[in-house]
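These notes concern the structure reproduced below.
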Amino acid sequence: MEEFWELLNLVEDKIKYGYKGEHEKPQFKNINPQETECRDCPLYLIRNSIVYGKGSDSPKLMLVGTWPIDQDETLNSPISANCGEFLNKWITAMKLSPFADTYVTNLLKCKTGWNKRGFNGAHNLSEEITTCFNHLEEEIKRLQPRVILTLGERPAQVLTDSDRELEQLRGHIHNYKGIPVVSTYHPEVALENYEALRGPVWDDLKLVMSKLNG
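Under the working numbering, the first residue of the sequence shown is numbered 86, with each subsequent residue one higher.
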């Protein structure tokens with residue numbers, strides 16, 4: 086009987102997309118073994134560990150953020166805590182499963198020393214992004230998602246090969262090597278500006294759904 090209740094607790098936790106703490110969280114397949122000791126850019130001097138992408142190995146949707154912050158590194162999650170929970174709401178609003186249907190990763194796999202998931206204006210990290218982009222390319226090549234959703238301006242610019250601002254890139258379906266790309270705000274920014282951005286974000290998510298269901 087005790088084993089039954091233990092199993093039931095695990096199922097309840099998973100259904101709620103969270104864990105109570107006494108159970109080990111699921112470990113998703115690491116598709117980037119070659120990155121384990123990556124020292125291709127100076128960020129290896131800052132990081133404690135590389136934060137890999139997490140999710141399905143055959144995703145309908147790949148979500149690409151900017152880079153991990155301290156908390157993400159500690160939790161070994163590309164986008165964690167309140168920001169990650171908010172992102173899960175976006176995913177479920179699109180009638181997708183955060184576990185079975187999506188894969189979340191970042192443009193950079195290491196923290197930058199700037200504990201925000203956006204640029205501070207002091208250093209645009211162009212060299213680091215250029216160096217790290219081959220890892221993202223490999224993820225996309227291996228996973229072949231049906232649609233890519235970029236989170237924030239820099240991932241949008243990189244995957245659309247553009248220097249335009251996010252506002253100009255939003256609202257359109259772009260293309261990366263045959264895969265549709267939709268751009269929206271990073272969940273961190275959307276949380277900080279909830280009333281102003283919830284409408285635009287929803288418009289972007291509807292674009293994603295139009296491609297997934299088309």
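Ideal Cβ placement from N, Cα and C applies to all residues, glycine included.
Query	Result
Three-pair Cβ contact test at 8 angstroms for the stretch 207-217 versus the stretch 159-177	no
Delimiting residues of the beta strand (DSSP E) encompassing M147	146-150
Nearest-angstrom Cα separation, counted from K291 out to T159	33 angstroms
V274 at chain C interface by Cβ criterion, 9 angstroms	Of the protein chains in this structure there is only one, and it is not chain C.
Where the beta strand (DSSP E) containing L234 begins and where it ends	232-236
Straight-line Cα distance separating S162 from G138	8 angstroms
Neighbourhood of A185 by C-beta distance below 7 angstroms, restricted to the same chain and skipping five residues each side	S141
Secondary structure of V136, DSSP reduced to three states	coil
Continuous beta strand (DSSP E) stretch holding T197: start and end	Here T197 belongs to no beta strand (DSSP E), and DSSP marks it neither H nor E.
Nearest-angstrom Cα separation, counted from I154 out to K201	6 angstroms
Terminal residues of the alpha helix (DSSP H) in which I176 lies	166-178
DSSP three-state assignment for P265, whether helix, strand or coil	strand
Pairwise C-alpha distance: T269 and E252	9 angstroms
Residues of its chain near M294, where Cβ-Cβ distance is below 6 angstroms and the 5 sequence neighbours each way are ignored	M179
Assigned exposure category for T190 - 16 Cβ within 10 Å defines buried	buried
Whole-Å CB distance - L282 paired with L148, under 8 angstroms assumed	The pair is not a contact, with the Cβ atoms about 16 angstroms apart (cut-off 8 angstroms).
Alpha-carbon to alpha-carbon, G284 and L276	12 angstroms
Opposing strand residues paired with H259 [DSSP bridges]	V266
T197 versus N133: straight-line alpha-carbon distance, rounded	11 angstroms
Proximal residues to G206 (C-beta, below 6 angstroms), its chain only, five neighbours per side dropped	The predicted position of G206 is uncertain, since its pLDDT is 49 and thus under 50; a value taken from the coordinates is nonetheless stated next. Around G206: no qualifying Cβ.
Separation of D157 from P272, as counted between CA atoms	14 angstroms
Pairwise C-alpha distance: S182 and I258	22 angstroms
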